[in-house]
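Enquirer: The number in our numbering is simply the position in the sequence shown, starting from 1, with 11 added. The structure under discussion is supplied below as C-alpha cells; questions concerning it will follow.
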Amino acid sequence: MTVSALLAVSALAAPFTLQTAQGRDWSLSSALGRERILIVRNPTAAYLDAMRAQDTELQVRDLRVVALVPPGDARLNAPGSLMLTVLADPGGKVGARYGAAALIGKDRGIKATYPSPPSLSTVNALIDTMPMREQERRQRGR
C-alpha cells in the first residue's frame, strides 16, 4: 500500500450525487454501508469492458465499480451491468476528491487509493483480508 493509501484508511467517503447517461441521479449515499465501492476516474473503455465481464465476481464481494467520466463521453452510453455504474462528472470535481481510484469499505472508510484504476484481482486481494469479508464468507459459504 502506498503512503497515501495508508493515510486514506482513516478517511470517510465524501457523499456525492451525479447523473447517469439517462439523466438519472445516482447517489453514493445509496450504496454506502451496503456495498464496497471502487471509484475510478476516467477509466478506459477496455477497463470498463473488463469490469462488465467480471460482474459475477463483483457481486460475490458486494463490490460496485463507479466510473466517473466527463459529460457527453461515449463511455456513458456503453452497456451497463449490475455492479458497474458509469456517471458523468462535470469538471472532474468528484473524481478529484478520490484520485485515480479509491476503494471504499462497507464501513464507509476509504480503504485504499490507487495511482491508476487497479485490476480486480488487486482489489479482491485487499477485500479478502477485511474482517467483514471473512464474516461474509463464513455466512454465505463462498
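For each residue, glycine too, the CB sits at the ideal point set by N, CA and C.
What does a CB cutoff of less than 6 angstroms around L95 pick up in its chain, not counting 5 residues either side in sequence?
Expert: Closer than 6 angstroms at the Cβ level, and outside the excluded window around L95, lie M62, R63 and V76.
Enquirer: Report the option in Q150, P101 and I138 whose CA atom is closest to the CA atom of E46.
Expert: Closest by alpha carbon: I138.
Enquirer: Output needed for L87: all residues of its chain with C-beta closer than 7 angstroms, excluding positions within five of it in sequence on either side, in chain order.
Expert: A32, V80, V97 and A99, listed in sequence order.
Enquirer: Note down the Cα distance separating R144 from G116, rounded to an integer number of angstroms.
Expert: The straight-line gap from Cα to Cα measures roughly 10 angstroms.
Enquirer: Using CA atoms only, rank isn't needed, just tell me which of E147, A113 and D84 is closest to T55.
Expert: Of E147, A113 and D84, the residue nearest in Cα terms is D84.
Enquirer: DSSP three-state label for T13, please.
Expert: With a pLDDT of only 45 at T13, under 50, the local geometry of the prediction cannot be trusted, and the value read off the model is given with reservation. T13: coil per DSSP, three-state reduction.
Enquirer: State the beta-bridge partners of S92 as determined by DSSP.
Expert: Answer is L95, bridged to S92.
Enquirer: Locate the alpha helix (DSSP H) running through A56, then write down its first and last residues.
Expert: Per DSSP, A56 belongs to the alpha helix (DSSP H) from A56 to A64.
Enquirer: Can you give me the start and stop residues for the beta strand (DSSP E) that K122 sits inside?
Expert: It spans I121 to Y125 - the beta strand (DSSP E) in which K122 sits, taken as one unbroken run.
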